[in-house]
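Just below is one structure, and these are the notes that go with it.
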């Protein structure tokens, strides 16, 4: 990914950019893919979506969502490049799966959804995918330790390796890596930032009122 497309996903929104505001049911980005020939060859259709925790970059193939990353991060370019290496080039546009994802995110932040039903494409190593599947089984409103995640993923004592796989998750929130904390109860790490991790956990624990996120 390079040139104008890279800038589209990596630039920070300006203060007057309406797309940065949370509007359930709306989707930012081009309504059509740019260049018919290029679009037909592209594997991933990507767009920027607004959330109460900041804009995210979402990407989908015809099989499902393969990307959901918080925008404006220093490591975003490298993470997008890894997705492209596995699944193909990104082109800006809208997709039925990203539209569905936006609706489900709106319900989640409003306190009306505990599980996501949008289909996913988790493209990683066999070990990473085992960890990500174990993450999906962690219930809403609960947390587990990295050691417990390693046990559930069949990794035994490989806590550090599991921590890296957890950090390599490229579908934030939907694959709930924010629910993994240290054994001593501290937050540990989070690729989207510890403030976002705390707010997600507080939302799920009921400590934050959904109205703070534009809900009921």
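Residue numbers (the numbering used here): 3 to 218.
All residues carry an ideal CB built from backbone N, CA and C; glycine is no exception.
Just grab the DSSP bridge partners of residue i for me.
i: residue 62; result: 47 and 67
i: residue 176; result: Per DSSP, none; premise fails for residue 176.
i: residue 94; result: 48
i: residue 72; result: 58
i: residue 182; result: 146
Find the nearest neighbour of residue i within the set the options, judged by alpha-carbon distance.
i: residue 94; options: 52, 53, 177 and 59; result: 59
i: residue 103; options: 70, 157 and 207; result: 70
i: residue 178; options: 162, 161, 200 and 160; result: 200
i: residue 202; options: 191, 180 and 158; result: 180
i: residue 198; options: 111, 130 and 66; result: 111
i: residue 56; options: 67, 45, 73 and 49; result: 73
i: residue 136; options: 120, 121, 156 and 118; result: 156
i: residue 185; options: 192, 150 and 78; result: 150
i: residue 108; options: 175, 188 and 138; result: 175
i: residue 84; options: 46, 152 and 162; result: 46
i: residue 171; options: 82, 205, 96 and 188; result: 82
i: residue 138; options: 152, 117 and 158; result: 117
i: residue 54; options: 113, 76 and 78; result: 113
i: residue 97; options: 140, 49 and 86; result: 49
i: residue 130; options: 99, 87, 51 and 163; result: 163
i: residue 51; options: 140, 187 and 99; result: 99
On the DSSP letters alone, give me the boundaries of the alpha helix (DSSP H) that residue i sits inside.
i: residue 151; result: 148–154
i: residue 166; result: 161–169
i: residue 122; result: Run containing residue 122: none; DSSP gives neither H nor E here.
i: residue 139; result: No alpha helix (DSSP H) contains residue 139, which DSSP labels as neither H nor E.
i: residue 207; result: 196–207
i: residue 88; result: 78–89
Assuming residue i and residue j make a contact with CB atoms under 8 Å, what is their CB distance in whole Å?
i: residue 66; j: residue 133; result: Incorrect: roughly 18 Å between the Cβ atoms, too far for contact.
i: residue 190; j: residue 183; result: 5 Å
i: residue 142; j: residue 206; result: 5 Å
i: residue 122; j: residue 161; result: Contact flag wrong, Cβ pair sits at about 25 Å.
For residue i, verify whether its CB is less than 7 Å away from any heavy atom of the ligand SAH.
i: residue 139; result: Ligands displayed in this structure: none; no statement on the ligand SAH is therefore possible.
*Taking 8 Å as the threshold, find out whether the region 127–146 comes into contact with the region 73–91 through three or more Cβ pairs.*
no
*Is the region 48–62 close to the region 103–114, with three or more CB pairs under 8 Å?*
yes
_Any 3 or more C-beta pairs closer than 8 Å across the region 118–135 and the region 165–181_ = yes
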